[in-house]
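Peer 1: I have a structure I would like to understand better, so I am pasting it below and will then ask my questions one at a time.
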Amino acid sequence: MISELLINAFLVTIMLSISIALIKTRTVIFTVILTSAYSLVAALMFITLDAVDVAFTEASVGAGISTILFLAAMAYLPKKEEESINSQFIPALSCIILGGILIWCSYDLPEIGQLTAPIHQHIAPEYIRGSKEDIGIPNIVTSVLASYRGYDTFGETIVVFTAGVAVLMLLENKNPVKKNKSQPKQKFKKNA
Amino acid sequence: MHKNPILRISTKILFAPIILFGLYVQFHGDFGPGGGFQAGVIVASAFILYSIVFGIEEGKKLFPSNINLILLALGGIIYGGVGFVSMILGDEFLSYNILGSSPQSGQHIGILLVEFGVGLTVSNVMIALFNAFASYNTIKEK
Amino acid sequence: MISSTIGIWNYWIVFCLMMIGLFLVIGRKNFLKKIVGLTIFQTSVFLLYITFGKIKGGTPPILNTSIDTIYSNPLPHVLILTAIVVGVATTALGLSLVLRINSEYGSIEEDDISAQDLVDYHDEIETGKSIDLKFKQ
């Protein structure tokens, strides 16, 4: 049991180092590729945490399609990130304080894998029993997804549909109304 | 279009197995890991691979965008339609027990249809997103 | 002692990842980096949920024939499964907004964009175009 947790801790540490590299880099292509690697390691994490369906989804969606969309969008954008003028001290300080508070609170969370944790007491045993008797499908995740929580999944499908239609409306405008960038300067000159 | 023959031929060989794998994930989702969301993305990735290698125009010839838009809406309609059919038959919205001869077979039919609707919507949304990003024509002023 | 430290080590790293994502969103001025930060934050929240669902000695929630198997909690898996797909759809929406901002302003740096807006605002004050009209009416 301890070896499983050790693998887990190791993978999480890899994710931490990838995200630190993400803070350091200023090149857009590195950013995209590191995000893809981050998703792939997250998929491995999900396998060690027994979530095979989620790992499947993360590997195909997070590491596959998402990277392709980032690369396709990257072609129209500047390739380098500029150095910021303002200091990043205040954002970093507030993140560190908030993270410290969260870590302090983590001592109140149940330890990983405890059968007595509140989350395992409420309705999950009901679903595991019902998936065999009421529905007769071996994959509990599918039966909860499509049958017990069918309304949720309906809503999520509509959200995906709406997001797709919104992107089509934003990007398929052939002649976007352009605000001419040189216009303000011309006005300025006329006044002077 | 890519000139490299290895890329073109291996794309043509891989295209059908990827879709077959997507269908397997779609319809085997009751028994193993898988389901509509994953299958939709896998089927979409086959069409995206074709568009990357052969160019966006060839990809639109293979899968026209008006059919894409119709199927995009059809997935959600199938999902909602299953709910309304079970309502018409005299049960609650999205309650599949009444669809089959026994409650269990009704659940099987309902889950299969619903997952199919999810897969249809997700795959077509992903293809539409890629087409929209790839064929975005910006007038560069620089 | 070691076992209990490893038991909450996951939470610590997940909170660190969350804070790195938050820092990328509020500390960086590049819009693409902000969206990447949102993705990092999102994935760390997924990890937190899946970590809650783990049971020691459990198996993935797919039923098998033996009776005394312990299954991990399937409910967080369902929530996260749909959230991942919705997450990539909303990320694409954010990317398309960034593309439109780039074609309007010619830049995706927050400093450039606010500077351009400031120039526009001062022009309007100088010419007395829109603001005076509002006061007169």
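Chains as they are written, first to last, in my numbering: chain C, 63 to 254; chain V, 322 to 463; chain R, 13 to 149. Where is the CB? At the ideal position from N, CA and C, for every residue including glycine.
Which residues mark the beginning and the end of the alpha helix (DSSP H) in which R:Ile137 is found?
Peer 2: As a working mapping, residue 137 of chain R is identified with position 125 in the third sequence. Glu122 to Thr139 is the extent of the alpha helix (DSSP H) around R:Ile137.
Peer 1: On a Cα-Cα basis, can you pick out the residue from R:Glu121, R:Pro72 and R:Thr63 that is closest to C:Glu173?
Peer 2: Within the first sequence, residue 173 of chain C is the residue found at index 111, counting from 1. Of R:Glu121, R:Pro72 and R:Thr63, the residue nearest in Cα terms is R:Thr63.
Peer 1: Just reading off the alpha helix (DSSP H) that V:Val403 is part of, what are its end residues?
Peer 2: The sequence position of residue 403 of chain V within the second sequence is 82, counting from 1. Per DSSP, V:Val403 belongs to the alpha helix (DSSP H) from Ser386 to Ile409.
Peer 1: Between V:Gly353 and chain R, is the shortest Cβ-Cβ distance under 8 Å, so that the two count as touching?
Peer 2: Locating residue 353 of chain V in the second sequence gives position 32, counting from the first residue. For V:Gly353, the answer is yes, since a Cβ of chain R falls inside 8 Å of its Cβ.
Peer 1: Nearest by alpha-carbon distance to R:Lys46: which of R:Thr77, R:Glu122 and R:Pro86 is it?
Peer 2: The count along the third sequence starts at 1 and reaches residue 46 of chain R at position 34. For R:Lys46, the nearest C-alpha among the options comes from R:Glu122.
Peer 1: Quick one: list the residues of chain R neighbouring V:Leu450, beta-carbon separation under 8 Å, in chain order.
Peer 2: Counting from one through the second sequence, the residue named residue 450 of chain V turns up at place 129. Under the 8 Å cutoff, chain R gives Ala101 and Ala104.
Peer 1: Tell me which residues of the segment 60 to 84 of chain R have at least one Cβ-Cβ distance to chain V shorter than 7 Å, keeping chain order.
Peer 2: Ile74
Peer 1: Specify the secondary structure class of V:Gly421 as computed by DSSP and reduced to three states.
Peer 2: Within the second sequence, residue 421 of chain V is the residue found at index 100, counting from 1. DSSP places V:Gly421 in coil when its eight states are reduced to three.
Peer 1: Per DSSP, what kind of secondary structure is V:Asn452 in: helix, strand or coil?
Peer 2: Here residue 452 of chain V refers to the residue found at position 131 when the second sequence is read from its first residue. It is helical.
Peer 1: Check the Cβ-Cβ distances between R:Val153 and every residue of chain V, and say whether any is below 8 Å.
Peer 2: An answer regarding residue 153 of chain R cannot be provided, because it is not within the stretch 13 to 149 covered by chain R.
Peer 1: For V:Leu393 versus C:Phe223, is the C-beta spacing smaller than 8 Å?
Peer 2: On the second sequence, position 72 is the one that residue 393 of chain V refers to. On the first sequence, position 161 is the one that residue 223 of chain C refers to. Going by C-beta atoms, V:Leu393 is nearer than 8 Å to C:Phe223.
Peer 1: For R:Thr71, which residues does DSSP report across the bridge?
Peer 2: As a position in the third sequence, residue 71 of chain R is number 59, starting the count at 1. R:Thr71 pairs with R:Tyr83.
Peer 1: Residues of chain C with a CB under 7 Å from the CB of R:Ile38: which are they?
Peer 2: Counting from one through the third sequence, the residue named residue 38 of chain R turns up at place 26. The answer, in chain order, is Pro153.
Peer 1: To the nearest angstrom, report how far apart R:Ile137 and R:Leu130 are at their CA atoms.
Peer 2: As a first step, residue 137 of chain R is located in the third sequence; it is residue number 125 there, counting from the start. As a first step, residue 130 of chain R is located in the third sequence; it is residue number 118 there, counting from the start. Distance between the alpha carbons of R:Ile137 and R:Leu130: 11 Å.
Peer 1: What are the start and end residues of the alpha helix (DSSP H) that includes C:Glu145?
Peer 2: Looking up residue 145 of chain C in the first sequence gives position 83. In this chain, C:Glu145 is not harboured by any alpha helix (DSSP H), its DSSP state being neither H nor E.
Peer 1: Spell out the partners DSSP gives V:Gly343 in its beta bridges.
Peer 2: Here residue 343 of chain V is taken as the residue at index 22 of the second sequence, counted from 1. Bridge partners of V:Gly343: none, in fact.
Peer 1: Against C:Gln150, what residues of chain A qualify as contacts under a CB-to-CB distance less than 7 Å, listed in chain order?
Peer 2: Absence of chain A from the displayed structure is noted, the protein chains being C, V and R.
Peer 1: Under 8 Å between C-beta atoms, does R:Leu93 make it to chain V?
Peer 2: Numbered from 1 along the third sequence, position 81 holds the residue referred to as residue 93 of chain R. Closer than 8 Å: yes.
Peer 1: For C:Lys252 and R:Ala127, what's the separation of their Cα atoms in angstroms?
Peer 2: The count along the first sequence starts at 1 and reaches residue 252 of chain C at position 190. The count along the third sequence starts at 1 and reaches residue 127 of chain R at position 115. Because C:Lys252 sits at a pLDDT of 43, beneath the cut-off of 50, its placement in the model cannot be relied upon, and the following sentence gives the value as read from the coordinates. For C:Lys252 and R:Ala127, the distance between alpha carbons rounds to 21 Å.
Peer 1: Give the single residue among C:Ile159, C:Ile147, C:Gly162 and C:Arg191 whose Cα lies nearest to the Cα of R:Asp80.
Peer 2: For the purposes of this step, residue 80 of chain R is taken as residue 68 along the third sequence, with counting starting at 1. That would be C:Arg191, whose Cα lies nearest to the Cα of R:Asp80.
Peer 1: What does a CB cutoff of less than 8 Å around R:Val37 pick up in its chain, not counting 5 residues either side in sequence?
Peer 2: Locating residue 37 of chain R in the third sequence gives position 25, counting from the first residue. Contacts found: Lys46, Gly49, Leu50 and Phe53.
Peer 1: Taking 8 Å as the CB-CB limit, is V:Glu462 close to chain R?
Peer 2: In the second sequence, the residue the question calls residue 462 of chain V occupies position 141. Its pLDDT being 43, under 50, V:Glu462 is placed unreliably in this model, and the value from its coordinates should be taken loosely. By this cut-off, V:Glu462 is an interface position.
Peer 1: In whole angstroms, give me the CA-to-CA distance for C:Ser101 and R:Thr55.
Peer 2: Counted from its first residue, the first sequence places residue 101 of chain C at position 39. Counted from its first residue, the third sequence places residue 55 of chain R at position 43. Approximately 8 Å, taken between the alpha carbons.
Peer 1: Are the C-beta of V:Ala367 and some C-beta of chain C separated by less than 8 Å?
Peer 2: Along the second sequence, one-based indexing puts residue 367 of chain V at 46. It does not; no Cβ of chain C falls within 8 Å.
Peer 1: Ignore the nearest five residues each way along the sequence and tell me which others in C:Ser79's own chain have a CB closer than 7 Å to its CB.
Peer 2: Numbered from its first residue, the first sequence carries residue 79 of chain C at position 17. Excluding sequence neighbours, C:Ser79 sits near nothing in its chain.
Peer 1: Quick one: using the 10 Å Cβ neighbour count with 16 as the cut-off for buried, is C:Glu145 buried or exposed?
Peer 2: The residue given as residue 145 of chain C occupies position 83 in the first sequence. Of the other Cβ atoms in all chains shown, fewer than 16 fall within 10 Å of the Cβ of C:Glu145; this residue is therefore exposed.
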